[in-house]
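What follows is a short report on a single structure.
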């Protein structure tokens, strides 16, 4: 009988693993169980679907179960929830949702890609149905229905992380009165306060009532209680980050660690032989802090899913890890970060100086040039680049990739200053913002030019 | 008496050297001779001034002689042309233009930043006044005057390099009938033909009559003779690249080399003690081909100028070199390249495979997503990144910086695939175009994932 790979979870980390395992082993019997209604979709696109920029839910679906079946001979079953894993008998217990039956299936290889769920803090009243997280396409469909019903006139977004900001904008686009409540001094925890401050300006300019330094304490009857007073709401969106869905793995005896995420090695192997994991439910390695971290992002899910799949298919692949890169757009302003922020650096004992540049997206004299604020963190002593952040309109977010690449390569700020980056006045100033901030860091480090 | 630094040339490489030398040595007597009417300006902005996107010539001037005098105690003299350098007597012979007098000035340190001039091939009739290069602000002023006179109804651009393309667009914006004549199979020599082909489409779509594979053979009375027939013209723009202005240095006995450029070392020192050079008149080191090259770009001029200045001021700085990065915009489409192209790689004995991606600027489903074509060249055997090229609208040109950084760091395509680059569907697809092309290169190399 053919060996069988069972994959739990049918989104990015599950399906890339399944297809890459198939590429390696045509003999393998591959079954995927997905508890939702969709496989392989772009969860990151949900705010734009809710806001109306993306027209149809189908636009977010990359591939359907039928396509996996036809093209890759992968048996992808939606509406199937895995309830338990028995590592001694090498079986999974699966509930066929809506069919009232449970099946038991054996496996030789197991891949856990159960993702993560919006964090729900233990606050009074939080389980009310008008308090929603945003993670799956099913969540998206529910929110869209609510928009169509007109049941979202007053929206409170709790937490100013990436998804929180994107959802705040989405509901302004739907003509809602939107209030953002952020516990910290500014949204987006991992950026310098000057950058966070610029985001607050953009949000307010777009019509989002933004309260920083305010803590939500509980929920009443369509009321959000907070340290800043009560806020009426038809709908609350939780933007407090996500928690890995690792209970299934932990219950089976698979090791978990940082923030409860499943512990994996650089080949995406868990603590149990023949059991792999990838994506939002698993941990990953941070190349700057040299610690295992939990970073729930589509990029990590896709890459780690490929690596798991290659290994499951009998090949050899490793995932080196991340440097903490993230980007989003708030209205037309893009904000991006990579590496460690000042607090994270301090936590792992790295002393940094921060270089700043206030320049423009194109040459200052060129029509369409927009202000750009950039920060570069360099290690005191060595000048090694530890992190960078950038904010501005005119599509500058991806300039952070230069710094993500520089950090991965272990470059110093002097190396960045000397990088041969692209220049034309219609496109960028002579010194790219990341180079200007690196020059400032260099001056503050009191290190020679090169 | 104070030691004196004489700088020949008052644009980027000259003035950055002067100001950085001042920073290092407050005692130094610094005199700059500039034969034109302007110091420190953005020559790269000239096409946009001629085209009307940039409103005033003054917008391109970064700093005036007065500012250098007041802020840095630098004696910057415009309309002063250095006619000769006597290295035995350590003097320069300077003509004060329009004043009918010549002065002789001694120096202790000399910095040569004489720039480059548009290449004028030895063709019959090429010295006619309606055949113009574009290099200095004085050229720009002359062209603007011609635009105002309406004396540019029919413009022929000879050569499809960066400046040629930008000038073609500029004159279309001025309602001229513009014809581009390019000897090669497509404009922009250093890109793959598929990318060059896309540029031809864009040019034609914008109204530039584009003739490739056509050689100009000479000029008659407002007629351009070519292998494809005669073309009538009120104005010819030469876009055939530039030739270093190194005659002054060579005549003095300073060593020149590649394409006639002044030979410098990594501290921008020439073959003569105490004599430095930087910018378009000097050569530089190519980090991939490991050869000395002549690359006339503002980025190189500024960086090498700073390095020269630090060293002239008694400090220590080195310029590591370039990787051949360049970008421009043709209408709304940006095209960029870095590293070696296939021909350049072959010339230095590097065998490459070419990976290709045809993706989008944002997630495919996101409004505003534009097609992006990307090429990545990897060395056969090692998988080392040798070059990359990208073309597309929606501001994708600067994505080449990721590859410029990766090449500088000696990364392989597998490293690029694993880079933690920024992703949000409103900004970029899950796999950045450079990663998709790197994945394709990886497949063609038949190398493992990582």
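Residue numbers (our numbering), protein chains in the order written: chain W, 1091 to 1540; chain R, 1091 to 1540. Where a beta carbon is used, it is the ideal one built from N, C-alpha and C, also for glycine.
Nearest neighbour of residue 1356 of chain R, chosen from R/1469, R/1339 and R/1381 [CA to CA]: Taking each of R/1469, R/1339 and R/1381 in turn and checking the Cα distance to residue 1356 of chain R, the smallest one comes out for R/1381.
Partners in chain W for residue 1424 of chain R, counting only beta-carbon separations shorter than 7 Å: By Cβ distance, chain W contributes 1517.
Closest by C-alpha distance to residue 1232 of chain W, when choosing among W/1126, W/1384 and W/1190: Of W/1126, W/1384 and W/1190, the residue nearest in Cα terms is W/1126.
Chain R contacts from the stretch 1134 to 1165 of chain W (Cβ-Cβ distance under 8 Å): Within the stretch 1134 to 1165 of chain W, the qualifying residues are 1134, 1135, 1138, 1143, 1144, 1149 and 1150.
Proximity test, Cβ basis, 8 Å: residue 1526 of chain W and chain R: Using beta-carbon distances, residue 1526 of chain W does not count as an interface residue toward chain R, since no partner is under 8 Å.
C-alpha distance - residue 1276 of chain W paired with residue 1465 of chain W, whole-angstrom precision: Between residue 1276 of chain W and residue 1465 of chain W, the C-alpha separation is close to 16 Å.
Residue 1392 of chain R versus residue 1338 of chain R - alpha carbon distance: Approximately 21 Å, taken between the alpha carbons.
Residues that residue 1508 of chain R contacts on chain W, provided the C-beta gap is smaller than 8 Å: Simply 1393, 1409 and 1410.
Ranges of the beta strand (DSSP E) found wholly within the stretch 1402 to 1446 of chain W, counting only runs of at least 3: As far as the stretch 1402 to 1446 of chain W is concerned, its whole beta strand (DSSP E) runs of at least 3 residues are 1416 to 1420 and 1423 to 1429.
Cβ-Cβ separation, residue 1114 of chain W to residue 1420 of chain W (assumed contact under 8 Å), whole Å: Going by Cβ atoms, the distance from residue 1420 of chain W to residue 1114 of chain W rounds to 41 Å, so no, they are not a contact pair.
Inter-residue Cα distance where the pair is residue 1305 of chain W and residue 1270 of chain W: One Cα belongs to residue 1305 of chain W, the other to residue 1270 of chain W, and the distance between them is close to 11 Å.
Cutoff 8 Å; reference residue 1530 of chain R; Cβ partners in own chain excluding five residues on either side: Only 1445, 1446, 1447 and 1466 meet the Cβ criterion.
Boundaries of the beta strand (DSSP E) in which residue 1479 of chain W is found, first to last residue: Run containing residue 1479 of chain W: 1475 to 1482, per the beta strand (DSSP E) assignment.
Beta-carbon proximity list for residue 1316 of chain W, same chain, < 7 Å, skipping 5 on both sides: Counting only Cβ-Cβ distances below 7 Å, and skipping sequence neighbours, we find 1271, 1304, 1305, 1306 and 1307.
Reduced DSSP secondary structure (H/G/I, E/B, other) of residue 1371 of chain W: For residue 1371 of chain W, the three-state secondary structure derived from DSSP is helix.
For residue 1442 of chain R and residue 1398 of chain R, the rounded distance between their alpha carbons: When rounded, the distance between both Cα atoms is 35 Å.
Simplified DSSP assignment, three categories, for residue 1196 of chain W: Judged by DSSP in its simplified three-state form, residue 1196 of chain W adopts strand.
Cutoff 8 Å; reference residue 1312 of chain W; Cβ partners in own chain excluding five residues on either side: Around residue 1312 of chain W: 1220, 1322, 1323 and 1324.
Proximity of residue 1473 of chain R and residue 1437 of chain R at Cβ, strictly below 8 Å: Cβ atoms of residue 1473 of chain R and residue 1437 of chain R: not closer than 8 Å.
Three-state secondary structure (DSSP) of residue 1320 of chain W: Residue state, collapsed to three classes: strand.
Sub-8 Å separation of residue 1195 of chain R and residue 1182 of chain R beta-carbons: Against a cut-off of 8 Å, the Cβ pair of residue 1182 of chain R and residue 1195 of chain R comes out as a contact.
Chain W contact for residue 1511 of chain R (CB, 8 Å cutoff): Proximity of residue 1511 of chain R to chain W, defined by a Cβ-Cβ separation below 8 Å, is satisfied.
C-beta contact flag for residue 1425 of chain R and residue 1289 of chain R at 8 Å: Cβ atoms of residue 1425 of chain R and residue 1289 of chain R: closer than 8 Å.
Residue-level contact to chain W via CB, residue 1367 of chain R, 8 Å cutoff: By the rule that beta-carbons nearer than 8 Å mark a contact, residue 1367 of chain R does not touch chain W.
Proximity test, Cβ basis, 8 Å: residue 1130 of chain R and chain W: Taking Cβ atoms only, chain W never reaches closer than 8 Å to residue 1130 of chain R, which makes this a no.
Start and end residues, alpha helix (DSSP H) containing residue 1238 of chain R: That run of the alpha helix (DSSP H) goes 1227 to 1239.
Below-8 Å beta-carbon distance, residue 1462 of chain R vs any chain W residue: For residue 1462 of chain R, the answer is no, since every Cβ of chain W falls outside 8 Å of its Cβ.
Beta-carbon neighbours of residue 1419 of chain W, restricted to chain R and to distances below 9 Å: Those are 1514, 1516 and 1517, listed as they occur along chain R.
Contact residues within the stretch 1441 to 1463 of chain W, judged by C-beta distance below 8 Å to chain R: Correct list: 1453, 1455, 1456 and 1457.
Proximal residues to residue 1227 of chain W (C-beta, below 6 Å), its chain only, five neighbours per side dropped: So the qualifying residues of the chain are 1128 and 1131.
Inside the stretch 1113 to 1192 of chain R only - alpha helix (DSSP H) runs reaching at least 4 residues: The alpha helix (DSSP H) runs lying completely inside the stretch 1113 to 1192 of chain R and spanning 4 residues or more are 1136 to 1141 and 1155 to 1162, given in chain order.
Cut-off 6 Å between Cβ atoms - residues of its own chain near residue 1034 of chain W, not counting five sequence neighbours on either side: This structure gives no information on residue 1034 of chain W, because the portion of chain W shown stretches from 1091 to 1540.
Contacting residues, own chain, Cβ-Cβ under 6 Å from residue 1526 of chain R (five flanking each side not counted): Contacts found: 1447 and 1449.
Proximal chain W residues relative to residue 1223 of chain R, where beta-carbon distance stays under 7 Å: Residues of chain W with a Cβ closer than 7 Å to the Cβ of residue 1223 of chain R do not exist; the shortest Cβ-Cβ separation is about 19 Å.
Start and end residues, beta strand (DSSP E) containing residue 1267 of chain R: Taken as a continuous stretch (DSSP letters only), the beta strand (DSSP E) holding residue 1267 of chain R covers 1267 to 1272.
Buried/exposed call for residue 1434 of chain R, threshold 16 Cβ in 10 Å: That one is buried.
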